[in-house]
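All remarks here apply to the structure that follows.
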Amino acid sequence: MTNKKTIMELCMSPDLGGLELYMVRAAKALKNSFDVISVINEDTKLQQYYDGDDKVIQLPKKSNFFMFGSAKKLSQIIDENGVEVIHLHWTKDIPFVVLAKLLSSKKPKLVQTRNMTMTRFKDDFYHRLLYKNMDMMLPVTHQVKEQLERFIPQDIRPKIEVLYMGSDKTEPLNDDELEEFKKSIGFSQNDFNVGMVGRINEAKGQHLLIKALSKIEDKNVKAYFVGHEMKKGYTNELKNLAKELGVQERVFFLGFMKNPHHFFQACDVIVLASKKETFGLVLIEAMQVGTAVIGSNSGGVVEIIDDEKTGLLFDVGSFESLACGIERLKDDRKLLNSIADAGYEKCKKMFSNELQFEKLGKILGSLVC
């Protein structure tokens with residue numbers, strides 16, 4: 008018999024990215040303090056990240072028309088398991104979860120980790136109904152916190168507390184293992200290897216790195232992309248762009264990697280080139296293994312990178328500015344090593360999973376005392 012409170016980690020997103028994987032990590036990290044039930048989309052690829060002792064329930068993909076049936080099923084799961092807090096992650100799940108709360112007898116507390124920006128007022132009847140039934144929102148940056156306070160009316164606004172995402176501390180490869188890994192993915196000892204990790208789509212900015220290569224005369228500067236294609240055919244569009252610019256021999260697509268930490272360690276620099284990145288977990292993961300980073304000067308990236316101290320910032324959307332940053336680090340090894348070391352130290356103090364999940368556990372626990 009256990010005295011642990013029961014919480015539900017929920018994400019019905021069918022995608023596989025930082026948001027979805029954060030939910031899995033949260034579920035695993037909270038198991039020592041709570042009985043945790045994970046609810047995921049039956050069409051997701053998240054199932055592979057759970058172990059046999061994890062309690063996972065898969066629900067069918069819902070549409071607006073069938074949302075009531077899915078919400079009713081979720082409410083039954085809530086009541087049967089005595090769920091006291093639901094921690095949700097995908098903004099599109101809010102209506103579905105609020106309806107399930109209203110249908111349940113348990114009436115669990117609702118907490119959302121807010122990864123997305125908010126750009127318009129939520130003062131209509133529909134949004135007032137949603138947010139007055141939310142108990143807490145955990146924006147991943149101070150910028151998102153300011154948006155929530157600006158656009159959600161005070162009389163229905165849930166409690167708001169910033170909670171950064173963290174990254175798992177990984178065991179680095181030794182020198183021999185690292186060289187073997189580099190060979191396995193085609194890295195050459197004389198190359199300056201620039202990596203990008205994330206969904207292959209226009210918003211992530213892979214095209215900017217390809218264009219930046221065309222401005223860098225040193226043919227030993229190579230770009231490697233890790234991630235799965237969101238729109239069929241977009242990878243071929245990027246390959247065609249590289250061919251048009253004459254850099255096709257310097258651009259490589261490695262596909263999806265379940266655990267990209269070795270790739271982060273193998274690269275000389277990791278780039279995040281999104282126009283609007285709410286946080287930038289990829290940067291954290293790279294910094295944590297001692298790799299230098301370059302990010303666009305927008306969104307949550309500016310809360311991670313202290314320019315010229317823990318990384319370099321480039322002008323958002325400017326491949327010329329990105330090219331300058333890459334060349335600067337290529338030509339100045341002292342600066343490269345300095346920002347890599349400083350980034351690693353900042354991660355230890357602010358962005359470790361252990362630290363952030365300890366804070367999350369205290370937050371969720373305070374709601375069920």
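Be aware that the sequence shown starts at 8, since it is given in my numbering, and climbs by one per residue.
Where is the CB? At the ideal position from N, CA and C, for every residue including glycine.
Check	Outcome
Using 8 Å as the threshold, is the C-beta distance between S82 and F103 below it?	no
Taking one C-beta from the segment 166-173 and one from the segment 323-330 each time, how about it: are there three or more such pairs within less than 8 Å?	no
Determine the direct distance from the alpha carbon of L145 to that of K369, and round the result to whole angstroms.	13 Å
Using 7 Å as the cut-off, classify the Cβ of V233 as near or not near the heavy atoms of the ligand PLP, replying yes or no.	Of the ligands one can find in the structure shown there are none, so the ligand PLP has no counterpart to examine.
Quick check on the DSSP output: the beta strand (DSSP E) that includes P146 runs from which residue to which?	143-146
Whose C-beta lies closer than 6 Å to the C-beta of I311 among residues of the same chain, with five residues either side of it excluded?	G287, L290
CA-CA distance, K341 and K356?	23 Å
Return the Cβ separation of M172 and Q363 in integer angstroms, given the expectation that the two are a contact with Cβ distance under 8 Å.	7 Å
Do you know how far the Cα of L248 is from the Cα of T120?	37 Å
Any idea if S284 is buried or exposed, counting beta-carbon neighbours within 10 angstroms, 16 or more meaning buried?	Checking the sequence shown, residue 284 turns out to be Glu, not Ser. E284 comes out buried.
From the DSSP output, read off the bridge partner residues of Y231.	G202, F259
Does F199 pass the burial test, meaning 16 or more other C-beta atoms within 10 Å, or should it be called exposed?	buried
Excluding the 5 residues flanking V147 on each side, which residues of the same chain have their C-beta closer than 8 Å to its C-beta?	T120, R121, N122, V169, L170, Y171, M172, T285, F286, G307
Please report the distance separating the alpha-carbon of F260 from that of H268.	17 Å
Would you mind stating whether F188 and I207 have Cβ atoms separated by less than 8 Å?	no
Locate the beta strand (DSSP E) running through Q119, then write down its first and last residues.	116-121
If you run the structure through DSSP and keep just helix, strand and coil, what is F75?	helix
At what residue ranges does the segment 288-316 contain a whole run of the alpha helix (DSSP H), taking only runs of 4 or more?	288-295, 308-311
According to DSSP, is F321 part of a helix, a strand, or is it coil?	strand
Taking all protein chains shown into account, decide if H149 is buried (16 or more other Cβ within 10 angstroms of its Cβ) or exposed.	exposed
Could you check which residue in H235, M125, L367 has the C-alpha nearest to that of F263?	H235
Where I277 and G205 are concerned, what is the direct C-alpha to C-alpha distance, given to the nearest angstrom?	11 Å
Please determine if the segment 90-101 and the segment 14-22 are in contact, where contact requires at least 3 C-beta pairs separated by less than 8 Å.	yes
Using the Cβ count rule (16 or more neighbours within 10 Å means buried), how would you classify A210?	exposed
Would you mind working out which of L367, V92, E361, L374 sits nearest D175, comparing C-alpha positions?	E361
E91 by DSSP, collapsed to three states: which one?	coil
Look at the alpha carbon of D322 and the alpha carbon of Y138, and state the distance between them as a whole number of angstroms.	35 Å
Let me make sure I understand the geometry here. Which of D314, F75, I44 has the alpha-carbon closest to that of D60?	I44
If you reduce the DSSP assignment to three classes, tell me which class S45 lands in.	strand
How is the beta strand (DSSP E) around Q213 delimited, first residue to last?	Segment 213-221 is the alpha helix (DSSP H) holding Q213; no beta strand (DSSP E) there.
Does M8 pass the burial test, meaning 16 or more other C-beta atoms within 10 Å, or should it be called exposed?	Any answer about M8 is weak, because its pLDDT of 44 lies below 50 and its placement is not dependable; what the coordinates show is given next. Classification of M8: exposed, given that the 10 Å Cβ count is below 16.
Given L245, which residues of its chain have a CB within under 7 Å of its CB, disregarding the five upstream and five downstream residues?	Q213, H214, I217
Can you name the start and end residues of the alpha helix (DSSP H) that V151 belongs to?	149-158
Under DSSP, the beta strand (DSSP E) around V276 begins and ends at which residues?	276-279
Determine the extent of the beta strand (DSSP E) in which M15 is found, giving its start and end residues.	13-18
Output needed for I64: all residues of its chain with C-beta closer than 8 Å, excluding positions within five of it in sequence on either side, in chain order.	I44, S45, V46, I47, I84
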